[in-house]
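Each protein sequence line maps, in turn, to chains G and Y.
Using the UniProt record's numbering, you'd call the opening residue of the first sequence number 1 and step up by one each time.
Using the UniProt record's numbering, you'd call the opening residue of the second sequence number 1 and step up by one each time.
Glycine included, C-beta positions come from ideal geometry on N, C-alpha and C.
Let me begin by presenting the structure, written as structure tokens, before commenting on it.
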Amino acid sequence: MTDALVRFRGVSKSYDGRTPVVTDLDLDVSRGEFLTLLGPSGSGKTTTLMMLAGFEDPSAGSIELDGVRIDTVPPHRRGIGVVFQNYALFPHMTVAENLAFPLSIRRLKREEIATRTRRALEMVRLPGFGDRRPQQLSGGQQQRVALARALIFAPKLVLLDEPLGALDKQLREELQAEIRRIHAQLGVTMVYVTHDQAEALTLSDRIAVFNEGRIQQLGTAEAVYERPANPFVAGFIGESNRLAARVLDATLLRLEDGSTLEAMPHAFAPGTAVLVSIRPERVLLGPGTQGLANATTARVEEVVYLGDHSRLRLAHAGRTDFVVKLPRQEAVPQPGSLVDLAIPVAAVAVFPA
Amino acid sequence: MRRTNWLAALLIAPLLLLILGSFVVPVGLTLFRAVADREVAAALPETSALLASWDGQGLPPEGAFAAVARELAAALEERRIGDLAQRMNFESTGLRTLLLRTARAGDRLRAPYADALVALDARWGQRDTWLMLQRASGPTTSLYLLRALDLTRTPDGTVTQVAVEEKLFRTLFLRTLWVSLLVTFLCLLLAYPVAYTIARLRAPWSSVALTLVLIPFWSSVLVRTTAWYVLLQREGPVNDALLGLGLLDAPAQILGTRIAVVVALVHVLLPFAILPMHSVMTRLDATYLRAAASLGANGVQRFLRVWLPLSLPGVAAGGAMVFLLAVGMYTAPALIGGDRDQMVTWFIANFMTRDVNWGMAAALSAYLLAMSGAVIALTRLLTGGAVQTGARA
């Protein structure tokens, strides 16, 4: 990639010299991109972000920003904006003083600072809030100010460390839209850390899924959701039914209960133990499914009504926890009844066991 | 609900009673002693009553002379004359002799008492003597409060400065204020880097360092002060070291100087400056520093523009604590300080134990209390904004 703004090359990090937190990371962030580092806690995503910001030193490897090695440059000379989860607005300064802080450090003229502060407040839709103290603002407003402060000195790169983690769902969605709008408007490169897969899918151009210090998959939202590279990604992003199976031939698998399952052609040798992952919303239900691939009948164990869809737990493939999502419709099967179902071949993802 | 309130009140009752009994009542009584004036009325009730109706012109009527002769004799007989003599002698030196001489002459005096008393001592023929007795008849007096500011009243009641050689207390208060402020300043200066370092230490080391700060509390102030006494004496280690290094030719007299007092006070009070600062600094979120760094601030800028202002509430609290303790400290200055360089507390103790002049002790205490209150109020005023934001941060 020629247009990479950030380049991680062979970056490893360990706090105690033994337990790795990040292992041999290679990652390019393209200019203008919105990249999300997604993973469970302890997966190394925040450490990766902190190494980029300069608050942690890599144990090995190099980090380049705009073609210049920065992993030995102190954080205050990297010129990277950072938004923290707890906002980190200075409580002894007003909102305007917080916004002016990076500008006055850069010795801008007073009029210039005033103009840019006013514009920044307009950008995050908080005009007239300059004289308030951060403590007088709501959590959402504080995070808008923090975002404006990270952007006001026009950095090439802005890092966001779970910025919406402390907010309730509605505010979170509102601010997600705000962040997307600002990203599109300014064209600034953003690297975003979250453990919330829905947030990652909503915001990102690309998602890097982290687990155990390594990137498990790097790709668009659609790619990581629809074509997970391994069982971890399949399980972490969205929901999936995981079944143990053994390969019969290039398309057929035998499940634990002895039934067969047809998949897309794969490269596993016959007899290999594999793991099958099936998304609940891709299973087809109803009378019209007989005659399709992998058609069968199963008993309904439990039905949970969730408004826009219902969640059914079925006894299938020798288990009683096979989950199927049924879009809202008039006739929802009753628990104890039998339903017809079919699993499209394309919905069967096969991984090494 | 009512029951819970009642129980809650019952639970805090012991504490409330303790505060009331050990703080509010004694302090109130002490402050009252600064203006109370009962010695004359107690020893000479009839004289006081007669003088109350005297217009202060010329000399009082014969009845007053008769009453004072009789009551003085009775007071001597019943050994009650000490307080009275003490009180009147404080009004004007020499009155003790007059009162005792008159009391001893009691039985031999015959009417007309006016002539007999004047014959015994010419001062009974002076209007001022009677005016002073009249004014001292209570029940309250401003004498002590005035004297504690080097002021006094002439017999006719106007407030004037005391004679130059008796001037003492204004200098004393200024000296106490100056030494306390100096000690506070030095404590803050020394404590800030210590608190900062401890706050930035990692887990086990921060508690170790904090324990080291607290170790001096394991011994009493008296022990620590005595240690300084040993260290600073003429043949002590400090002098030996200075001689050994060739910085001095002969042992210096360090004990009894103000430097010695300041050194000992700073040592004793330093933990009281460190602890509030430390508690504020450990609660400061390190993310503020990271945020400042990400916004381009270098180490010095991060300290001056973020860390220092956010830690000011701790500085104010530590400063107030040290100042209050320094103002009220008795042991260290009394033991180590010079005889002519003592603090207000030493005089309070002296008035109470040696002179048995509770009025002066109470008046000095009242001004000391007022001084401390004023400094604390000033600190609050100056750091008001910082304290507020700090509490929320």
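Pull up the distance between the alpha-carbon of residue i and that of residue j, whole angstroms please.
i, j, result
"Leu160 of chain G", "Ser310 of chain G", "35 Å"
"Glu178 of chain G", "Val124 of chain G", "8 Å"
"Asn357 of chain Y", "Pro155 of chain Y", "21 Å"
"Gly314 of chain Y", "Ala191 of chain Y", "11 Å"
"Phe8 of chain G", "Asp28 of chain G", "6 Å"
"Ser59 of chain G", "Asp71 of chain G", "10 Å"
"Gln388 of chain Y", "Ser311 of chain Y", "Caution applies to Gln388 of chain Y, whose pLDDT of 43 falls short of 50 and renders its modelled position unreliable; the value that the coordinates give is listed next. Going by the C-alpha atoms only, they are around 12 Å apart."
"Lys13 of chain G", "Gly213 of chain G", "9 Å"
"Val162 of chain Y", "Met277 of chain Y", "44 Å"
"Trp307 of chain Y", "Asn98 of chain G", "14 Å"
"Leu171 of chain G", "Arg77 of chain G", "33 Å"
"Thr211 of chain Y", "Val280 of chain Y", "17 Å"
"Ile12 of chain Y", "Pro26 of chain Y", "20 Å"
"Ala377 of chain Y", "Leu186 of chain Y", "21 Å"
"Phe153 of chain G", "Val145 of chain G", "13 Å"
"Leu168 of chain Y", "Leu151 of chain Y", "10 Å"
"Phe351 of chain G", "Arg282 of chain G", "18 Å"
"Asp26 of chain G", "Ala267 of chain G", "27 Å"
"Thr257 of chain Y", "Ile336 of chain Y", "8 Å"
Which residues of chain G have a Cβ atom closer than 9 Å to the Cβ of residue i, listed in chain order?
i, result
"Gln301 of chain Y", "His76, Ile105"
"Pro276 of chain Y", "By Cβ distance, chain G contributes nothing, its closest Cβ being about 18 Å from Pro276 of chain Y, past 9 Å."
"Pro309 of chain Y", "Phe90, His92, Met93"
Mind checking which residues open and close the beta strand (DSSP E) that includes residue i?
i, result
"Gly219 of chain G", "214-219"
"Ser14 of chain G", "4-14"
"Glu64 of chain G", "60-65"
"Phe90 of chain Y", "Segment 81-91 is the alpha helix (DSSP H) holding Phe90 of chain Y; no beta strand (DSSP E) there."
"His76 of chain G", "Element bounds for His76 of chain G: n/a, residue is neither H nor E."
"Val350 of chain G", "348-352"
"Val159 of chain Y", "159-161"
"Ala331 of chain G", "Ala331 of chain G -> no beta strand (DSSP E), and no H or E assigned at all."
"Asn98 of chain G", "Per DSSP, Asn98 of chain G belongs to no beta strand (DSSP E); it is in the alpha helix (DSSP H), 95-105."
Would you say residue i reaches chain Y, if we count a Cβ-Cβ gap shorter than 8 Å as a contact?
i, result
"Arg149 of chain G", "yes"
"Ile80 of chain G", "yes"
"Phe153 of chain G", "yes"
Quick one: is residue i near chain G, going by C-beta distance under 8 Å?
i, result
"Asn298 of chain Y", "yes"
"Ala287 of chain Y", "Checking the sequence shown, residue 287 of chain Y turns out to be Thr, not Ala. Chain G contact via Cβ: present."
"Pro14 of chain Y", "no"
Just the chain G side, please: which residues come within less than 7 Å of residue i by C-beta, in chain order?
i, result
"Val306 of chain Y", "Phe90"
What in chain G is Cβ-close to residue i, meaning under 8 Å?
i, result
"Arg290 of chain Y", "Ala53, Phe55, Pro75, Val82, Phe84, Ala88"
Output the boundary residues of the alpha helix (DSSP H) element that contains residue i.
i, result
"Pro204 of chain Y", "203-214"
"Asp128 of chain Y", "127-135"
"Val230 of chain Y", "221-232"
"Gly81 of chain G", "Careful: Gly81 of chain G lies outside any alpha helix (DSSP H), inside the beta strand (DSSP E) at 80-83."
In chain Y, which residues lie with their C-beta within 8 Å of the C-beta of residue i?
i, result
"Pro335 of chain G", "By Cβ distance, chain Y contributes nothing, its closest Cβ being about 47 Å from Pro335 of chain G, past 8 Å."
Quick check on this structure: which residue in the options has the alpha carbon closest to the alpha carbon of residue i?
i, options, result
"Val68 of chain Y", "Y:Gly82, Y:Trp54, Y:Leu44, Y:Ala163", "Y:Leu44"
"Asp249 of chain G", "G:Asn241, G:Ser259, G:Pro265, G:Ala234", "G:Pro265"
"Pro280 of chain G", "G:His195, G:Leu147, G:Gln135, G:Leu341", "G:Leu341"
"Thr68 of chain G", "G:Leu52, G:Ile152, G:Ala273, G:Glu56", "Correcting the residue identity first, residue 68 of chain G is Val in this sequence and not Thr. For Val68 of chain G, the nearest C-alpha among the options comes from G:Leu52."
"Ser138 of chain G", "G:Val209, G:Leu167, G:Ala245, G:Pro155", "G:Leu167"
"Leu147 of chain G", "G:Pro20, G:Asp196, G:Leu186", "G:Leu186"
"Ile244 of chain G", "G:Tyr225, G:Leu255, G:Pro75", "Before going further, note that residue 244 of chain G is Ala rather than Ile in the sequence given. Among G:Tyr225, G:Leu255, G:Pro75, the Cα nearest to that of Ala244 of chain G is on G:Leu255."
"Thr282 of chain Y", "Y:Arg234, Y:Leu231, Y:Gly256, Y:Leu201", "Y:Leu201"
"Leu203 of chain G", "G:Glu174, G:Pro20, G:Met93, G:Leu108", "G:Glu174"
"Gly44 of chain G", "G:Gln176, G:Tyr87, G:Val193, G:Tyr225", "G:Val193"
"Gly338 of chain Y", "Y:Ile215, Y:Leu100, Y:Ile259, Y:Leu270", "Y:Ile259"
"Arg80 of chain Y", "Y:Gly63, Y:Leu100, Y:Phe65", "Y:Leu100"
"Arg87 of chain Y", "Y:Leu20, Y:Arg70, Y:Tyr144, Y:Pro237", "Y:Tyr144"
What does residue i reach in chain Y if we use C-beta pairs closer than 7 Å?
i, result
"Phe101 of chain G", "Leu295"
For the ligand ZN, any of its heavy atoms closer than 7 Å to the Cβ of residue i?
i, result
"Trp54 of chain Y", "For the ligand ZN, the structure offers nothing, since it holds no ligand at all."
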